[in-house]
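Report on one structure; see the data block that follows.
Residue numbers (UniProt numbering): 1 to 253.
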């Protein structure tokens, strides 16, 4: 792996050791030599193991421990980034859980709470904690970028559209609601920092074969799920903000 000079742009990908997050990390490391990627993971050994699969790529990457359900873990992660890098140019809020992760919980309330704890509460707290580091990047002339990995399942427009391909799946109310909340978080931040020139967008990776959905047989290849996120993470000052998209185009809010 390459060294990490101070001139590199610093990117944090939460939930970066597997699934869509790992594909985002891999694509950034392979294609963006001027970036240093922080692979966010709840377990450092798992992060190190994931990075070992990237050794042949030219870019630079290192692990950072962060559990977005823990305020203390988020604070420690942010402190480490400030200590080691002094700024954060890009935050990719990828960490999340699906409905399969809560199936064994005893009640609807427990399932709803667990999904919101990660997909909404954790995403918001992580973003809020990272804002000062993103501002430091802006003060150095960078264009801060935030990417929220959400889902078309959280779209109100899709949910109310009888012709939508997943219209019959509206029974997944806890999961869909948590992703709708994540979309709202991203939309709110895009309006808060629009005048400052920050680029803040939501994107849906699509249904991909990952542990997130128990490697569902009908899901698509995971690699393509990273394409839109990496595009949004590498925008320049003229790039879009306040959008919700997938690899094929615009998603309805």
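In this text, a Cβ means the ideal position worked out from N, Cα and C, and glycines have one as well.
Distance CB(residue 63)-CB(residue 48) smaller than 8 angstroms: yes
Stretch pair the region 122 to 142 + the region 177 to 194: three plus CB contacts closer than 8 angstroms: yes
N-terminal and C-terminal residue of the alpha helix (DSSP H) that residue 38 is part of: Taken as a continuous stretch (DSSP letters only), residue 38 belongs to no alpha helix (DSSP H), being part of the beta strand (DSSP E) at 35 to 41.
Supposed contact pair residue 138 and residue 132 - C-beta distance, whole angstroms, cut 8 angstroms: Not quite, the Cβ-Cβ distance comes to about 10 angstroms (not below 8 angstroms), so this is no contact.
Run of the beta strand (DSSP E) containing residue 63, from where it starts to where it stops: 60 to 65
CA nearest to the CA of residue 225, picked from 11, 7, 23: 23
Inter-stretch contact (C-beta, 8 angstroms, three-pair minimum) for the region 172 to 184 and the region 96 to 103: yes
Residue 236 burial status per 10 Å Cβ neighbour count (16 or more: buried): exposed
Unbroken beta strand (DSSP E) run spanning residue 246, endpoints: 244 to 246
Unbroken alpha helix (DSSP H) run spanning residue 134, endpoints: 123 to 139
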